[in-house]
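Undergrad:
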C-alpha cells in the first residue's frame with residue numbers, strides 16, 4: 010500500500026453524478042454529537058486507536074494496535090450521525106478517514122466486528138431503530154428486482170473482475186490445503202479444490218444431468234463437463250454469460266454446456282444433481298422458501314444438491330434483516346446473508362429435503378479475500394485505465410477488507426451443504 014500517515018490526504022475530486030451521497034456531506038444535526046459520544050465510548054476499551062485531527066487520540070490501543078486516522082472529524086461525525094454504518098463507509102470512500110494500509114483497515118474492522126454487540130451501550134440499544142436505516146420499500150416485481158440487482162454488481166465489467174480474480178475467474182471462497190500459508194500461486198488450485206469437492210459430493214460424473222444455479226464465469230460448468238456431465242447453467246448476468254460462453258467454447262465443451270439467461274424459478278425438468286455457489290445470498294428473505302422449493306422440484310429422486318453459502322449468526326440475521334446496509338447500497342443491492350438455522354428452518358418447513366453434510370471453512374474465505382485485495386491493489390493502474398476512479402477504489406478496498414474481517418473474526422462463515430431428499 011502507498012498510504013502513510015504523513016501522506017494521507019482526501020481525494021481531490023468526487024464525481025457528484027456518480028457518487029451523490031459521497032460527494033455531499035450531510036448537515037450536522039442533533040444526531041451528530043450523539044454519534045461522537047457513542048464512538049468515543051465504544052473505543053475507550055478496545056485495542057485500537059482513533060486519531061482525530063484537531064481533537065486528539067481515542068482508544069485503549071497501543072502502538073501495535075490498528076489506528077484509524079480521521080482527517081475531517083466534522084464530516085465524519087455528521088455522516089455517522091446521519092446514516093450510521095452507511096455513513097461510516099461513505100466517509101471512508103470520501104477520504105475523510107483512513108488507515109495506513111489495507112491490512113490495518115482489516116484489523117481495525119476486525120476489532121469492531123469482534124465487539125459489535127457492545128459498541129452501543131445496552132441502555133441505548135432500545136434506540137437502535139432511530140439510528141439505523143431501514144431497507145427501502147420494494148416496488149419492483151421479482152423479475153425486475155432480480156435482474157437489476159444482479160446487473161448492478163456482476164455486470165460492472167468482466168475486465169474489472171479479471172484484474173483481481175485468478176485464471177479460473179471464480180468469485181467465491183476457495184478451499185486451501187493450508188489457508189494460513191498461502192500466496193497468489195495457490196489460489197487456482199484452491200478454487201479447483203472447492204469446485205471438485207462439490208462435484209464429488211453430489212456424484213457428478215459421466216452422464217450426470219447437472220443444473221447449476223448461478224453460472225459465474227463458467228469454471229464449475231467446465232470442470233463438470235470435463236467429467237462427462239451434461240450441464241445446464243442459468244444466470245441473470247449478461248456480461249457473465251458472454252464470457253462464460255466464450256470460455257466454454259475455447260475449452261471445446263459447447264456441446265455439453267447450455268448457458269441460459271434465465272431465472273432459476275423458470276427452470277423446468279429434473280436433474281441428477283444441482284449445484285449453486287454463493288448465489289442464494291442474492292435471493293432475499295421472502296424468497297428463501299421459493300428457492301428451496303425450486304431445488305426440491307428440480308431434483309431427480311435420489312439426486313443430490315450441493316450449495317456453497319455465506320452465513321451469519323442467526324440472532325444478528327433476525328436483528329438486522331430489515332436494515333439497509335452499506336454493502337446493500339454500494340455492493341450487493343438486495344443481498345442478505347442466511348444463517349445455518351434459517352437454512353434448516355426453511356428446508357424443514359417448505360421441502361421434502363434434508364441436509365446430509367456440511368463443511369465450514371470461513372477462515373479460507375478470509376485468505377481468499379486477502380489475495381483478491383492484494384491483486385486489486387497491485388493492478389490498480391490497469392483498473393484506472395478502465396475508467397474506475399479513486400472513490401471506486403476506496404469503495405472496493407473497504408468492501409474486500411470489511412468482508413475479510415467478518416470471516417477472520419468468525420462473525421461470518423462459508424459452508425458447503427450436501428442436501429438430499431428425506
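In the numbering used here, the protein residues as written are 10 to 431. A virtual CB, placed ideally from N, CA and C, is assigned to each residue, including glycine. Fair warning: this is a prediction, and the values are worked out from it, not measured in the lab.
(1) Who are the Cβ neighbours of residue 31 in its own chain at under 7 Å, not counting the five residues just before and after it?
(2) If you count every other CB in all the chains shown that lies within 10 Å of the CB of residue 246, and 16 or more means buried, which is it?
(3) Do you know offhand how far residue 207's Cα is from residue 385's?
(4) Where DSSP assigns a beta bridge to residue 24, which residues make up the other side?
(5) When the Cβ atoms of the segment 179-193 are set against those of the segment 259-266, are three or more pairs found closer than 8 Å?
(6) Quick check: the Cα distance between residue 329 and residue 345, rounded to an integer number of angstroms?
(7) Please classify residue 38 as buried or exposed, where buried requires at least 16 other C-beta atoms within 10 Å of its C-beta.
(8) Would you check if the distance between the CB atom of residue 355 and the CB atom of residue 301 is smaller than 8 Å?
(9) Roughly how many whole angstroms lie between the Cα atoms of residue 309 and residue 279?
(10) Let me know the secondary structure DSSP gives residue 272 once reduced to three states.
(11) With DSSP run on the structure shown, which of helix, strand or coil describes residue 428?
(12) Does residue 381 come out as helix, strand or coil in the three-state DSSP assignment?
(13) Rounded to whole angstroms, what is the Cα-Cα separation between residue 214 and residue 282?
(14) When you compare each of 65, 72, 306, 96 to residue 339 by their alpha carbons, which one comes out closest?
(15) One question on the structure: do residue 169 and residue 397 come within less than 8 Å of each other, judged by their Cβ atoms?
(16) Residue 193 by DSSP, collapsed to three states: which one?
(17) When you compare only the Cα positions, how much space is there between residue 125 and residue 372?
(18) Look up residue 4 in the DSSP assignment and give the residues it is bridged to.
(19) Can you tell me whether residue 395 is buried or exposed? The criterion is at least 16 other CB atoms within 10 Å of its CB, across all chains shown.
(20) Around the Cβ of residue 331, are there at least 16 other Cβ atoms within 10 angstroms (buried) or fewer (exposed)?
(21) So, is residue 177 buried or exposed, given that buried needs 16 or more other C-beta atoms within 10 angstroms?
(22) Going by the CB atoms, is the gap between residue 285 and residue 316 shorter than 8 Å?
(23) Cβ of residue 86 within 7 Å of any heavy atom in the ligand COA?
(24) Taking DSSP as the reference, what is the three-state secondary structure of residue 340?
(25) Below 8 Å on the Cβ atoms is my contact criterion, and I expect residue 65 with residue 55 to pass it. Report the Cβ-Cβ distance as a whole number of Å.
(26) Taking all protein chains shown into account, do 16 or more other C-beta atoms lie within 10 angstroms of the C-beta of residue 418, making it buried, or fewer, making it exposed?
(27) For residue 72, count neighbouring Cβ atoms within 10 angstroms of its own Cβ and tell me buried if that reaches 16, exposed if not.
(28) Could you give the distance in angstroms between the alpha-carbon of residue 53 and the alpha-carbon of residue 115?
(29) With distances taken Cα to Cα, identify the nearest neighbour of residue 108 among 407, 25, 416, 428.
(30) Round the Cβ separation of residue 274 and residue 303 to the nearest angstrom and send it over; I've been treating them as touching at under 8 Å.
(31) State the DSSP-derived secondary structure class of residue 72, mapped to helix, strand or coil.
(32) Should residue 46 be labelled buried (16 or more other beta-carbon atoms within 10 Å of its own) or exposed?
(33) Which same chain residues, not among the five before or five after residue 49, have their C-beta less than 7 Å away from its C-beta?
(34) Which residue marks the beginning of the alpha helix (DSSP H) containing residue 415, and which one marks its end?
(35) What's the C-alpha gap between residue 369 and residue 413?
(36) If you drop the 5 nearest sequence neighbours on each side, which residues of the same chain put their C-beta closer than 8 Å to that of residue 289?
TA: According to the structure data:
(1) Numbered from its first residue, the chain shown carries residue 31 at position 22. 23, 99, 102, 103, 400, listed in sequence order.
(2) As a first step, residue 246 must be located in the chain shown, where it is residue number 237. Buried.
(3) In the chain shown, counting from the first residue as 1, residue 207 sits at position 198. In the chain shown, counting from the first residue as 1, residue 385 sits at position 376. If I take the Cα positions, the gap works out to 27 Å.
(4) Numbered from 1 along the chain shown, position 15 holds the residue referred to as residue 24. None; residue 24 has no bridge partner.
(5) no
(6) What you label residue 329 is simply residue 320 of the chain shown in a count that begins at 1. What you label residue 345 is simply residue 336 of the chain shown in a count that begins at 1. Rounded to whole angstroms, residue 329 to residue 345 spans 10 Å at the Cα level.
(7) The residue labelled residue 38 in the question sits at position 29 within the chain shown. Residue 38 should be labelled exposed.
(8) By 1-based counting over the chain shown, the position of residue 355 is 346. By 1-based counting over the chain shown, the position of residue 301 is 292. Result yes, Cβ atoms of residue 355 and residue 301 sit closer than 8 Å.
(9) Numbered from 1 along the chain shown, position 300 holds the residue referred to as residue 309. Numbered from 1 along the chain shown, position 270 holds the residue referred to as residue 279. C-alpha separation (whole angstroms): 5 Å.
(10) In the chain shown, counting from the first residue as 1, residue 272 sits at position 263. Three-state result, residue 272: coil.
(11) Stepping through the chain shown from its first residue, residue 428 is reached at position 419. Strand at residue 428.
(12) The residue you call residue 381 lines up with position 372 of the chain shown. Helix at residue 381.
(13) Residue 214 sits at position 205 when you count from the first residue of the chain shown. Residue 282 sits at position 273 when you count from the first residue of the chain shown. Computed Cα separation, rounded: 10 Å.
(14) Counting from one through the chain shown, the residue named residue 339 turns up at place 330. Nearest C-alpha to residue 339: 96.
(15) Working through the chain shown from its first residue, we reach residue 169 at position 160. Working through the chain shown from its first residue, we reach residue 397 at position 388. Yes.
(16) The residue you call residue 193 lines up with position 184 of the chain shown. In the structure shown, the three-state DSSP call for residue 193 is helix.
(17) Your numbering for residue 125 matches position 116 in the chain shown. Your numbering for residue 372 matches position 363 in the chain shown. If I take the Cα positions, the gap works out to 19 Å.
(18) Within the shown structure, residues of the chain are numbered from 10 to 431, placing residue 4 beyond reach of any answer.
(19) Here residue 395 corresponds to residue number 386 of the chain shown, with the count starting at 1. The residue in question, residue 395, is exposed, as its Cβ has fewer than 16 Cβ neighbours within 10 Å.
(20) By 1-based counting over the chain shown, the position of residue 331 is 322. Exposed.
(21) Reading the chain shown from its first residue, position 168 is the one you call residue 177. Burial call: buried.
(22) Within the chain shown, numbered from 1, the residue matching residue 316 stands at position 307. Within the chain shown, numbered from 1, the residue matching residue 285 stands at position 276. Yes. Within cutoff.
(23) Within the structure as shown, the ligand COA is missing, as the structure has no ligands at all.
(24) Along the chain shown, read from residue 1 onward, the residue named residue 340 stands at position 331. Collapsing the DSSP output to three states places residue 340 in coil.
(25) Against the chain shown, residue 65 aligns to sequence position 56. Against the chain shown, residue 55 aligns to sequence position 46. Actually they do not touch by this definition, with Cβ atoms about 16 Å apart.
(26) Against the chain shown, residue 418 aligns to sequence position 409. It counts as buried.
(27) Working through the chain shown from its first residue, we reach residue 72 at position 63. Classification for residue 72: exposed.
(28) Against the chain shown, residue 53 aligns to sequence position 44. Against the chain shown, residue 115 aligns to sequence position 106. Rounded to the nearest angstrom, the two C-alpha atoms are 19 Å apart.
(29) The residue given as residue 108 occupies position 99 in the chain shown. Here the closest residue by C-alpha is 407.
(30) As a working note, residue 274 is residue 265 in the chain shown. As a working note, residue 303 is residue 294 in the chain shown. Contact flag correct, Cβ pair sits at about 6 Å.
(31) Position 63 of the chain shown holds residue 72. Coil.
(32) Taking the chain shown and counting its residues from 1, one reaches residue 46 at position 37. The residue is exposed, with fewer than 16 neighbouring Cβ atoms inside 10 Å.
(33) Taking the chain shown and counting its residues from 1, the one referred to as residue 49 is at position 40. Correct list, in chain order: 67.
(34) The count along the chain shown starts at 1 and reaches residue 415 at position 406. 399-418 is the span of the alpha helix (DSSP H), which, as asked, contains residue 415.
(35) Position 360 of the chain shown, counted from the first residue, corresponds to residue 369. Position 404 of the chain shown, counted from the first residue, corresponds to residue 413. Rounded to whole angstroms, residue 369 and residue 413 show a C-alpha spacing of 16 Å.
(36) Within the chain shown, the letter at position 280 stands for residue 289. Correct list, in chain order: 297, 300, 316, 318, 347.
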